[in-house]
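Numbering (the numbering used here), first residue to last: 130 to 459.
Report on the structure given below.
Quick look at the structure:
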């Protein structure tokens, strides 16, 4: 599961040309969401926000492993027992997550959800899990043990006790689906902020592009960067907001699937590009991979770039960062 330090939205709430901006905060997928839409009047914008929320609730009901009746939960409940038939979009999302697991060499692993049995970031943990507990959990991890049957649209987890979870890309996926849904309804502009996994489109009513500030946890008075975006996505993975403190040592909630231990070396990773789900996957993977391997991964991508903040406060931008940042203004 991934939690992100704050983005600061910098935009003028000025109705021009009979358009208004509507903003609503809500809780979805156990996280804070902020929906910002441009529509013709206050009544229309409220209806559009309700529709966006309904679409994201629909997705949550399909993929949340917290909900015992979701399709993903049914897959997990039948690990080592039998394949479970799922909707096409759940199958496709799982397929993309496995692809991400492959290209990151397991730094991102959809099956790392088995770790939620031993790591708790809800304030209940008072001591570290034992080596035995970690070892047993790692044995349940391995995207290679997920069997997809495209013809029958089924998912099967080979090992009993295995779990898949979309904490790392699910919110980005929900944001993208809400954006797509709203655009099909004719909503010309907005931001879906899924707890820091953000997708933007169109212009503000005054014609300006959306401006998004990336918080620097080492210097709250100065942004790490300010993005000016039109049709783009941006996500940040970080250990700044969600962690546990044991014996005065801070442990990140982002777990390395191979070691079963929290990631180290990086405080935050922001990824920009055209799709929030994909940005989401890269930002999580880079947190686990660390600076060198993470930059090597993102530098291979044509349409995605990253801003990395290390544990000592250094801010590092990937090779194509400035170029892609400029491209996303159009």
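Just so it is clear, CB atoms sit at the ideal spot from N, CA and C, and this is done for glycine as well.
Pairwise C-alpha distance: residue j and residue i
| i | j | result |
| --- | --- | --- |
| residue 239 | residue 389 | 14 angstroms |
| residue 320 | residue 173 | 16 angstroms |
| residue 440 | residue 286 | 36 angstroms |
| residue 113 | residue 354 | This structure does not reach residue 113, given that the chain is present from 130 up to 459, and the question cannot be answered. |
| residue 456 | residue 195 | 38 angstroms |
| residue 313 | residue 264 | 47 angstroms |
| residue 211 | residue 419 | 37 angstroms |
| residue 185 | residue 375 | 35 angstroms |
| residue 344 | residue 399 | 10 angstroms |
| residue 278 | residue 170 | 47 angstroms |
| residue 333 | residue 373 | 39 angstroms |
| residue 352 | residue 191 | 36 angstroms |
| residue 254 | residue 248 | 8 angstroms |
| residue 337 | residue 150 | 13 angstroms |
| residue 401 | residue 231 | 21 angstroms |
| residue 203 | residue 292 | 10 angstroms |
| residue 220 | residue 227 | 11 angstroms |
Integer Cβ distance of residue i from residue j, believed to fall under 8 angstroms
| i | j | result |
| --- | --- | --- |
| residue 188 | residue 306 | 6 angstroms |
| residue 329 | residue 360 | 7 angstroms |
| residue 363 | residue 385 | With 8 angstroms as the limit, residue 363 and residue 385 do not qualify as a contact, their Cβ atoms being about 24 angstroms apart. |
| residue 158 | residue 303 | 7 angstroms |
| residue 425 | residue 453 | With a Cβ gap of about 17 angstroms, residue 425 and residue 453 do not count as contacting. |
| residue 412 | residue 316 | Contact doesn't hold; Cβ gap of about 26 angstroms is too wide. |
| residue 447 | residue 459 | No, residue 447 and residue 459 are not in contact; Cβ-Cβ is about 20 angstroms, not under 8 angstroms. |
Per-residue DSSP class, three states only, for residue i
| i | result |
| --- | --- |
| residue 248 | coil |
| residue 177 | helix |
| residue 347 | coil |
| residue 295 | coil |
| residue 325 | coil |
| residue 319 | strand |
| residue 270 | coil |
| residue 210 | coil |
| residue 426 | helix |
| residue 256 | coil |
| residue 280 | coil |
| residue 264 | helix |
| residue 182 | helix |
| residue 203 | helix |
| residue 140 | Note that residue 140 scores a pLDDT of 41, beneath 50, so its modelled location is shaky; the value from the coordinates is reported in the next line. Residue 140 falls in the coil class under three-state DSSP. |
| residue 459 | coil |
| residue 163 | strand |
Start and end residues, beta strand (DSSP E) containing residue i
| i | result |
| --- | --- |
| residue 153 | 149–157 |
| residue 444 | 444–446 |
| residue 283 | 283–286 |
| residue 314 | Segment: none, residue 314 is in no beta strand (DSSP E) and carries neither H nor E. |
Residue(s) in a DSSP beta bridge with residue i
| i | result |
| --- | --- |
| residue 195 | Looking at the DSSP assignment, residue 195 forms no beta bridge with any residue, so it has no partner. |
| residue 398 | 366, 437 |
| residue 357 | 340 |
| residue 168 | 149 |
| residue 275 | 286 |
| residue 391 | 384 |
| residue 373 | 380 |
Terminal residues of the alpha helix (DSSP H) in which residue i lies
| i | result |
| --- | --- |
| residue 241 | Run containing residue 241: none; DSSP gives neither H nor E here. |
| residue 228 | 217–232 |
| residue 418 | 405–418 |
| residue 454 | 450–456 |
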